[in-house]
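Here the structure comes first, spelled out in structure tokens, and everything after it is commentary.
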Amino acid sequence: MSHLFTQAGFSGFGPDGLRGGTDSPPTGHVASSSRVRLREGLRAECPRLPGVYGMLDARGRLIYVGKAKVLRSRLLSYFLKGSRQEKSGRIIDETRAIVWETGECEFGALIRELELIRRWKPRFNVQGLPSRERQVWVCLGRRPAPYLYVSREPTGQELMCYGPVRGMRLARWAVRKLNDLFQLRDCPQSQPMRFADQRELFPVIHTAGCLRYELQTCLGPCAALTTRATYSRHVRSLRAFLDGRDSTILHRLEAMMNEAAARLEFERAALIRNQILPLRWLRERLGWVDAARSRHSFVYAPSCAATPLWYLIRRGRVCCVVPAPGDGVTARAAAHAIQRVFVDELSWPHLVPRDMVDHVLLVAAWFRRHPDELQRTLSPENALNRCAGRGQSIPVRSSA
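Counting with numbering that gives the first Met the number 0, you get residues 0 to 399 for the letters of the sequence shown.
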């Protein structure tokens with residue numbers, strides 16, 4: 000097998016990010032240019048265990064990564080006659096070696112698969128690749144007159160950050176409509192801001208820097224046409240909408256659209272519909288991520304694990320995995336990890352990085368498909384109590 004790793008630098012999947020360390024977990028492999036021999040090798044060598052697998056081409060390049068609840072069954076399914084889909088057929092046509100890494104449970108394999116896809120970027124994996132995504136943050140900030148804008152990376156100076164969401168073009172469309180509807184400026188920072196309640200030594204008549212004030216889509220803070228209090232009130236209304244606390248603007252637009260359609264003013268109804276669509280899109284995307292993060296902060300002990308493990312999940316993100324407490328050593332290690340993940344507020348950022356959105360949604364999808372697994376979760380407090388021993392209580396100030 001070593002001859003496969005001399006050309007493209009593939010020498011194993013690499014370290015498991017959830018377990019720490021720099022060593023790559025052991026792998027199994029079969030190699031042949033013949034499909035028949037690959038299939039025979041899998042029957043002889045591949046275990047009936049959960050895990051991840053990879054396909055390598057003739058140059059030793061990793062071209063596909065997958066996960067399986069049972070590795071042997073999944074890999075042999077690629078060779079079943081008459082059942083191969085077009086994509087599977089193309090993968091096998093180019094495969095000259097198959098590598099696998101066993102795991103303790105299907106959930107762990109699912110998380111490991113996404114990690115490997117992001118690390119290796121195999122060309123047959125079309126989901127989860129950062130290069131194929133444009134995930135951005137919707138930010139509210141830039142004083143003295145805050146407004147909504149799209150950013151690839153928050154700076155920490157924003158009033159609020161929402162997301163991340165996938166789709167730069169759609170996010171910009173939604174942001175433009177929201178700034179118009181809530182009458183917030185969207186001009187460059189170089190444009191001076193002058194509020195009506197801002198005192199000046201000599202009275203000066205200022206003119207707006209663009210036509211948005213005349214179109215009633217901006218309050219005109221650049222020309223002293225609004226006060227700070229009025230502008231701030233509009234900013235708070237926008238925040239209430241983005242937080243999901245106030246959908247008045249959507250209800251009002253929908254009523255206007257229905258009224259226009261009832262009057263047979265279809266062009267006007269279409270224009271209003273075009274205002275509604277980006278608002279719905281953004282609110283739904285923000286709601287998906289927010290709900291996924293708010294519901295999932297606990298210690299998860301999968302029922303299918305051969306070796307008992309604890310997955311520490313904070314705000315939808317698997318932060319690390321540790322052995323379930325079985326003796327003093329593993330109990331102390333688990334307690335330390337729980338303290339670091341759930342109690343130490345600076346250990347994990349409040350904002351989820353844009354490249355972790357798929358990870359958060361993946362965790363949410365797992366518990367949505369397997370609701371019974373939620374019964375195998377523990378609060379950080381209960382998990383620490385188990386580490387400490389029966390009947391002993393340890394107070395935890397959870398920051399999740």
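Note that the Cβ used here is the ideal one computed from N, Cα and C, for glycine as well.
Is the beta carbon of residue j closer than 9 Å to that of residue i?
i: ALA96; j: SER31; result: yes
i: VAL98; j: HIS28; result: yes
i: PHE181; j: HIS233; result: yes
i: TYR52; j: ARG38; result: no
i: ALA333; j: VAL321; result: yes
i: PRO153; j: ARG184; result: no
i: LEU249; j: LEU278; result: yes
i: ASP196; j: ARG227; result: yes
i: VAL356; j: GLY208; result: no
i: ARG175; j: GLN156; result: no
i: CYS160; j: VAL137; result: yes
i: THR26; j: PHE12; result: yes
i: ALA239; j: MET256; result: no
Buried or exposed, going by whether 16 or more other CB atoms sit within 10 Å of the CB of residue i?
i: MET57; result: Sequence check: residue 57 is Ala here, not Met. By the 10 Å Cβ count, ALA57 comes out exposed.
i: HIS358; result: buried
i: ARG331; result: exposed
i: VAL328; result: exposed
i: VAL35; result: exposed
i: ARG385; result: buried
i: ALA382; result: buried
i: ARG367; result: exposed
i: PRO100; result: Position check: residue 100 holds Glu in this sequence, whereas Pro was assumed. Buried, since its Cβ has 16 or more Cβ neighbours within 10 Å.
i: ALA364; result: exposed
i: ARG292; result: buried
i: ASN178; result: buried
i: THR225; result: buried
i: THR94; result: buried
i: HIS295; result: buried
i: ASP343; result: exposed
i: GLY59; result: buried
i: GLY102; result: buried
i: ALA222; result: buried
i: ILE271; result: buried
i: LEU55; result: buried
i: ASP15; result: buried
i: ILE204; result: exposed
i: ASN273; result: exposed
i: LEU218; result: buried
i: ALA407; result: Here the chain has residues from 0 to 399 only, and residue 407 is not among them.
i: GLY19; result: exposed
i: GLY401; result: Shown here, the chain extends from 0 to 399; a query on residue 401 therefore has no answer.
i: GLY107; result: buried
i: ALA67; result: buried
i: VAL340; result: buried
I'd like to confirm the pairing. Which residues does DSSP put opposite residue i in its beta bridges?
i: TYR481; result: With the chain covering only 0 through 399, there is no way to say anything about residue 481.
i: CYS160; result: CYS138
i: ILE97; result: VAL29, MET54
i: ILE271; result: In the DSSP output, where bridge partners are listed per residue, ILE271 has none listed.
i: CYS319; result: LEU311
i: GLY297; result: The residue you asked about is not Gly; residue 297 is Phe in the sequence shown. Per DSSP, ILE312.
i: GLU67; result: The sequence given here places Ala at residue 67; Glu does not occur at that position. ALA67 pairs with GLY50.
i: ARG184; result: For ARG184, which the question treats as bridged, DSSP gives no partner whatsoever.
i: THR376; result: TYR299
i: LEU237; result: Answer is none; LEU237 lacks a bridge partner.
i: ARG165; result: GLN134
i: LEU61; result: LEU55
Residue i and residue j look like a contact to me (Cβ under 8 Å); what is the Cβ gap, rounded to whole Å?
i: ILE62; j: ARG111; result: Contact flag wrong, Cβ pair sits at about 18 Å.
i: ILE337; j: PRO307; result: Between PRO307 and ILE337 the Cβ distance is about 15 Å, and since that is not below 8 Å, they are no contact.
i: GLY40; j: LEU70; result: Rounded, the Cβ-Cβ distance is 13 Å, inconsistent with contact.
i: GLU253; j: ILE275; result: 6 Å
i: LEU281; j: VAL164; result: 7 Å
i: LEU139; j: LEU147; result: 6 Å
i: LEU17; j: CYS319; result: 5 Å
Should residue i be counted as a contact of the ligand HEM given a C-beta to heavy atom distance under 8 Å?
i: GLY155; result: Only the bare structure without any ligand can be found here, which leaves the ligand HEM out of the picture.
Can you find at least 3 beta carbon pairs, one from the region 310 to 322 and one from the region 186 to 198, that sit closer than 8 Å?
As far as the Cβ criterion goes, the region 310 to 322 does not touch the region 186 to 198, which means the pair count is below three.
For the 8 Å Cβ check, are there 3 or more pairs between the region 109 to 120 and the region 74 to 81?
The answer is no - the region 74 to 81 does not touch the region 109 to 120, with fewer than three Cβ pairs under 8 Å.
The region 287 to 305 contacting the region 364 to 375, beta-carbon criterion three pairs below 8 Å
Under the Cβ criterion (8 Å, minimum of three pairs), the region 287 to 305 counts as touching the region 364 to 375.
The region 158 to 176 in contact with the region 213 to 227 per 3-pair CB rule at 8 Å
No, the region 158 to 176 does not touch the region 213 to 227.
Does the count of Cβ pairs from the region 283 to 290 and the region 240 to 260 closer than 8 Å reach three?
Touching, yes, given that three or more Cβ pairs across the two stretches are closer than 8 Å.
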